[in-house]
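Working notes, structure below.
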Amino acid sequence: MTAADDRIGVIAIVGATATGKTKLGVGLARQFNGEVVNADSRLFYRGMDIGTAKPTTDEMRGVPHHLIDFLEPSDSYSLSDFLAAANATINDIHGRDKLPIIVGGSGQYIWGLLEGWIVPSIPPNPSLRRELEAVFDAEGIAALQDRLRATSATGIDRVEMLNPRRLIRAIERAVATGDATGGASRAKVPPFDTLMIGLNAPREVLHERVDRRVDVMIAAGWIDEVDALRRSGVERDLPSMSAIGYREIYDQIDAKVSIHDVREAIRIGNHRLIGAQNNWFKASDERINWFDMTQDGFADEIDSLVGNWVRQRRAYGEVNDRIA
RNA sequence: GCAGGGAUUGGGGAGCGGUCAAACCCAGCAGACUGUAAAUCUGCCGCCUUGUGCUUCGUAGGUUCGAAUCCUACUCCCUGCA
């Protein structure tokens, strides 16, 4: 940094599940006068607590948490909604002279926010989707591809032609704007001055931690949590219920599968999640300051990294004040 | 004990004389990702010096130009009858 950066400064804590992001976020918030902005898509929903490892009030230790527990499981939500909400929240926190700390493991949401993605505002077209899904079921992927080409929209070459869900969305965009991408773009310069901290551990350690967590969650009443959702009319096939374990537990309650199978499915689901998250947050990504949470002293290193960054930001702030 | 059925690449499971390193599913690994993202999709997945290469289909023999596929013996597993 050679000049004052007048963008809003934010800290982002990323990494796979079960690496301690929550705890670190709370710790830094307390130390540096921050507030947490959740960027984990499964923590949005009320009533989904145990299975999503949502921080408890105790774990939050008095630190304000935003974008958590604000949706019903039946609500539909998307990247576009998140970006609007998260940007507004960050501005609000900054406006109150607090440090926004983004904490989460939803790669697309995090990068969308930090890279300043400009998501085309083309809302889903339910009737078109229903129709296209029927076309896909009856005639297969090729029919969808033909359908997209038939719109003779621009940008078709940028669409993943083997992915039905993407194909349907592309047709939706093509119909609405004449471009299969809908004119998606991203900010030239990232919108925030971001200090990214990545928490990681060897894959086997992560698997071990997450495997152990399954039993703890079940012992903590996860089954009852899902049963309560079920009784209150939350349907098994809602998007929110794609969270690991929830559908399996629905089936277990309906006696379709054994608890053993549920555990196994959850275990595997977690392993896949870790893989997917590591794909969004790559060890080779130089924007991320990586720390191995199995190494001694990693917490101190983070403290000094963040301390320096905060001090520097404040110094720039003083310079700006004098100029102004 | 007798009568049947079966043992296949990490797991499940096709193959039943050549076109078989062996379908497919799962797991694993890598990747994509702009209004479902803990979603959806793609690639790889016996070994190596990557080749008309090597070693595999319970074990040991045999038949055949050629066997995971046929025969014999053995080992183990399952089912039925005793």
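Heads up: the first sequence begins at 80 in the working numbering, then just goes up one per residue.
Positions of the beta carbon are idealized from the N, C-alpha and C atoms, including for glycine.
No experiment lies behind these values; they were computed from the predicted model shown.
{"Query": "Check whether A259 and V238 have beta carbons under 7 Å apart", "Result": "yes"}
{"Query": "Rounded straight-line distance, which links the Cα of E251 to that of N399", "Result": "Because the pLDDT of N399 is 47, which lies under 50, any placement of that residue in the model is unreliable, and the question is left without a value."}
{"Query": "Per DSSP, the bridge partner or partners of T256", "Result": "The partner list for T256 (beta bridge, DSSP) is empty, contrary to what the question assumes."}
{"Query": "At least three beta-carbon pairs within less than 8 Å, the region 146 to 153 to the region 122 to 131", "Result": "yes"}
{"Query": "Length at least 4, wholly inside the region 309 to 350: the alpha helix (DSSP H) runs in chain order", "Result": "325 to 332"}
{"Query": "Cβ shell of V341 (< 8 Å), same chain only, five flanking positions each side left out", "Result": "G324, E327, I328, D330 and Q331"}
{"Query": "K100 classed as buried or exposed, judged by whether at least 16 other C-beta atoms fall within 10 angstroms", "Result": "buried"}
{"Query": "Same chain, Cβ closer than 7 Å to A369, five either side skipped, listed in chain order", "Result": "For clarity, residue 369 is Trp in the given sequence; the question names Ala instead. So the list reads G277, N279 and A362, once near-sequence residues are dropped."}
{"Query": "Coarse secondary structure for T233, derived from DSSP in three states", "Result": "strand"}
{"Query": "The region 179 to 189 contacting the region 89 to 103, beta-carbon criterion three pairs below 8 Å", "Result": "yes"}
{"Query": "For V293, the first and last residue of its enclosing alpha helix (DSSP H)", "Result": "R282 to A298"}
{"Query": "Cβ-based neighbour list, A403, same chain, cut-off 8 Å, excluding 5 preceding and 5 following", "Result": "The predicted model places A403 with a pLDDT of 31, which falls under 50 and marks its position as unreliable, so this point remains unresolved."}
{"Query": "Cutoff 6 Å; reference G88; Cβ partners in own chain excluding five residues on either side", "Result": "D272 and R392"}
{"Query": "Neighbour-count burial assignment, P134, 16 or more Cβ in a 10 Å radius", "Result": "buried"}
{"Query": "Rounded straight-line distance, which links the Cα of D303 to that of S337", "Result": "16 Å"}
{"Query": "Three-state secondary structure assigned by DSSP to P179", "Result": "strand"}
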